[in-house]
Amino acid sequence: MTNANSSRTDPVDSTTTPVLWISMLLVGTFALAAFAAPQRLSSAGEAAFAFSTSHFGWLYLFATASFIVLLIWLALSRFGEITLGPDDDPPEYGFASWLAMIFSAGMGVGLVFWGVAEPIMHFVAPPHDLASPSSPEAAQLAIQYSVFHWGLHQWANYSIVALTIAYMRFRRRQPALISSAFRPILGDRVDGWMGWSIDVAAVLATSFGVATTLGFGILQMNGGLHEVMGVPIGPGSQLVIIAVITALFLVSASTRLNQGILLLSNLNMWIAMLLAAIVFLAGPTLFILNVGTTAVGDYFSNVLDMSFQMRPWHDSDWASSWTVFYWAWGLSWAPFVGMFIARISRGRTIREFVTGVMLVPAVVSAIWFFIFGGTALHSELFGTGGISAAVDTDTSLALFATLEQLPLGALLALLSVLLILTFLITSADSATFVLGMFTSDGQRNPPRWLRMLWGVLQAGIAGALLYSGGLDALRTVSITAALPFLLLLLLMVLSLLKALFADQHRRDLERASRERVLRELAREANGDALARSVVPAQDTPVAEGNDSAEPSSD
């Protein structure tokens, strides 16, 4: 039964919200700083991030691992049967399309970028110095840690945000805002400056995270076009690419969610599956199968150690530079990805939600690393090699350096460029949709003009930072902001649990009340014995092995 105890519903006009104008001002200010003084901003951000990881790295690791345990418990408990919406509400999207949109928003171009680059980087510089560089043992660790960094832990950060927002939106009829997730513990204070501050922070995190991802995706796309068509690598080519991508995603943004983003997400998945299948068959197939089998065992044998390993006995900052960095990067994306996943998850049970948002994408990510990372490592160990040198020169060229060693390498590179293009369009379109929701007081379908405005602003920021070299500076600042959001996320978990238990208690009382009414009606009509046979009392013991035992009276 849906709890409709909120007085707030979707507003008709959102332009009066201060979140829009405050966000525009702050986004413009930070973007201008990254453009005008990228080195100064980057240095400040790096110092702040170094402080947060050295003092709170343990909190990142502990919290992220705890989210996995919490989500699995929710899925397996009686809460897992709760529908995100009215109890009889069917899912808004088919399961395959739902997964496609989740994956396109949550990983997308990042997995294409790092699918080869990260395993090779771990191969050359093994995690925690646990193996000799460029050795078979280093290759084994490379796949193990790549799967770990892109698996359950990363998706748990997205899942906990998305589940909380979806529950508040579809069960408690709250606006689609990050601040709505805190209503159970903050009450009506989320309608004032406290809620506005939370939503503005979510806008900043989304804007910076998506702008930097868009920029790095364009760098990789430029590298791919250079390999395939000889397009020169440089700001001029990159600005042309971003102009084309902007035009395409603005066309998609002008359509409804179940048209543009849905169609593009399904296209992404088909292209990704085709590319992965060809590489699997054209590459070292048996080696990939053995890599995958070994990596599954390595993951489950070492997941606890990887989840909590800071190595305080050694003078090493590897965990801070990689694992903590990844969790922080995921947290900086969590407001955007979590809100988008919540928006498309109406009608799913909590059990379905956890399966589709945390488990399935983690498996897909692992398979991607088995195929692409395994192929690259096979070349380094047993083939012509050269991929680690390409990664050392330009990380964005890692995938293309691998593909060129396979049959149909040019065709595969072209297919990869197309995949990067569709992922970038989908990510940018999804981001403009979410930013529109954040700045329209939580409208489920934000105004088209607002989505277009955010789209142009995102593209402008990415283009300006590509030109000035300020992408790294803005990314560092956005990741530094992950620490305060982690603290908010811990409060969000408390808010979700409070709402779940309160609503479950209310449902239990309502069920008990209905049973009492039925029992009284049955007793009046047929007597006490018949009443108990129709609605047996749950607290009535029956003698074991004595089917004729009489129930005790009330």
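Numbering follows this note's numbering, in which position 109 of the sequence shown is assigned residue number 894; successive positions increment by one, without gaps. Even glycine gets a Cβ: it sits at the ideal position worked out from N, Cα and C. Bear in mind that the values here come from a model prediction, so they are computed numbers and not experimental data.
Exercise for the section: Can you tell me which of the three DSSP states Leu-826 falls into? Expected result: helix
Handout entry: Glu-922 to Ala-916 span [Cα, whole Å]
Key = 6 Å
Exercise for the section: Quick one: using the 10 Å Cβ neighbour count with 16 as the cut-off for buried, is Ala-1161 buried or exposed? Expected result: buried
Problem - Three-state secondary structure (DSSP) of Thr-802 - result: coil
Exercise for the section: Give the single residue among Ser-882, Gly-1123 and Phe-898 whose Cα lies nearest to the Cα of Ile-943. Expected result: Checking the sequence shown, residue 943 turns out to be Tyr, not Ile. Of the candidates Ser-882, Gly-1123 and Phe-898, the one whose C-alpha sits nearest the C-alpha of Tyr-943 is Gly-1123.
Practice task
Pull up the CB-CB distance for Val-1349 and Thr-1224, whole angstroms please, since I reckon it's below 8 Å.
Solution key: This structure cannot speak to residue 1349, because the chain is shown only from 786 to 1339.
Practice task
Check each candidate in Ala-818, Glu-831, Gln-824 and Glu-1137 and name the one with the smallest Cα separation from Ser-1105.
Solution key: Glu-831
Problem - Environment of His-840 [buried if 16+ CB atoms lie within 10 Å] - result: exposed
Exercise for the section: Put Thr-1169 into one of helix, strand or coil per three-state DSSP. Expected result: coil
Problem - Residues near Gly-1009 in its chain [Cβ-Cβ closer than 7 Å; skip 5 each side] - result: Phe-1185, Ala-1198, Ser-1201, Val-1202 and Ile-1205
Problem - Cβ shell of Ser-792 (< 6 Å), same chain only, five flanking positions each side left out - result: With a pLDDT of 37 at Ser-792, under the threshold of 50, the modelled position of this residue cannot be trusted; read the value that follows with caution. So the list is empty, once near-sequence residues are dropped.
Handout entry: Whether Asp-1214 touches Ala-1032 by CB criterion (8 Å)
Key = no
Practice task
Mark His-1099 as exposed unless 16 or more other C-beta atoms lie within 10 angstroms of its C-beta, in which case mark it buried.
Solution key: exposed
Practice task
Starting from the N-terminal side, write out each stretch of the beta strand (DSSP E) that is 3 residues or longer and does not extend beyond the segment 1128-1209.
Solution key: none
Practice task
Measure the CB-CB distance between Glu-877 and Ile-1129 and report whether it falls below 8 Å.
Solution key: yes
Practice task
Have a look at Thr-802 and Asn-1230 and give me their C-alpha separation to the nearest angstrom.
Solution key: 16 Å
Problem - Thr-1108 and Leu-1281 closer than 8 Å at C-beta - result: no
Exercise for the section: In angstroms with no decimal places, state the Cα-to-Cα distance between Trp-978 and Phe-1110. Expected result: 31 Å
Problem - Alpha carbon of Gly-1248 to alpha carbon of Gly-1132, nearest angstrom - result: 39 Å
Problem - For Thr-868, three-class secondary structure by DSSP - result: strand
Practice task
Please work out which residues of its chain come closer than 6 Å, Cβ to Cβ, to Phe-1157, disregarding the five sequence neighbours upstream and downstream, and give them in chain order.
Solution key: Gly-900 and Val-901
Exercise for the section: Please state whether DSSP places His-938 in a helix, a strand or coil. Expected result: helix
Practice task
Helix, strand or coil for Tyr-878, going by three-state DSSP, please let me know.
Solution key: coil
Practice task
Identify the continuous alpha helix (DSSP H) that holds Leu-1059 and give its terminal residues.
Solution key: 1045-1067
Problem - Candidates Ser-827, Leu-817, Leu-810 and Ser-851, of which the one nearest Leu-1271 by Cα - result: Ser-851
Handout entry: Length of the line joining the Cα atoms of Phe-1072 and Thr-1187
Key = 15 Å
Handout entry: Pair within 8 Å by beta-carbon distance, Ala-941 and Ile-853
Key = yes
Problem - Sub-8 Å separation of Ala-1147 and Leu-937 beta-carbons - result: yes
Practice task
Report the rounded CA-to-CA distance for Leu-817 versus Leu-1235, giving the unit in angstroms.
Solution key: 21 Å
Exercise for the section: Would you please state the rounded distance, in angstroms, between the beta carbons of Gly-1227 and Ser-828? I believe it to be under 8 Å. Expected result: About 37 Å separates the two Cβ atoms, so there is no contact after all.
Handout entry: Touching by the beta-carbon criterion (3+ pairs, under 8 Å), the segment 1042-1052 and the segment 874-890
Key = yes
Handout entry: Gly-972 classed as buried or exposed, judged by whether at least 16 other C-beta atoms fall within 10 angstroms
Key = exposed
Handout entry: Rounded C-alpha distance that separates Pro-1020 from Val-897
Key = 22 Å
Problem - DSSP three-state assignment for Ile-1030, whether helix, strand or coil - result: helix
Exercise for the section: Leaving out five residues on either side along the sequence, give the residues of the same chain with a beta carbon under 7 Å from the beta carbon of Leu-1279. Expected result: Ile-970
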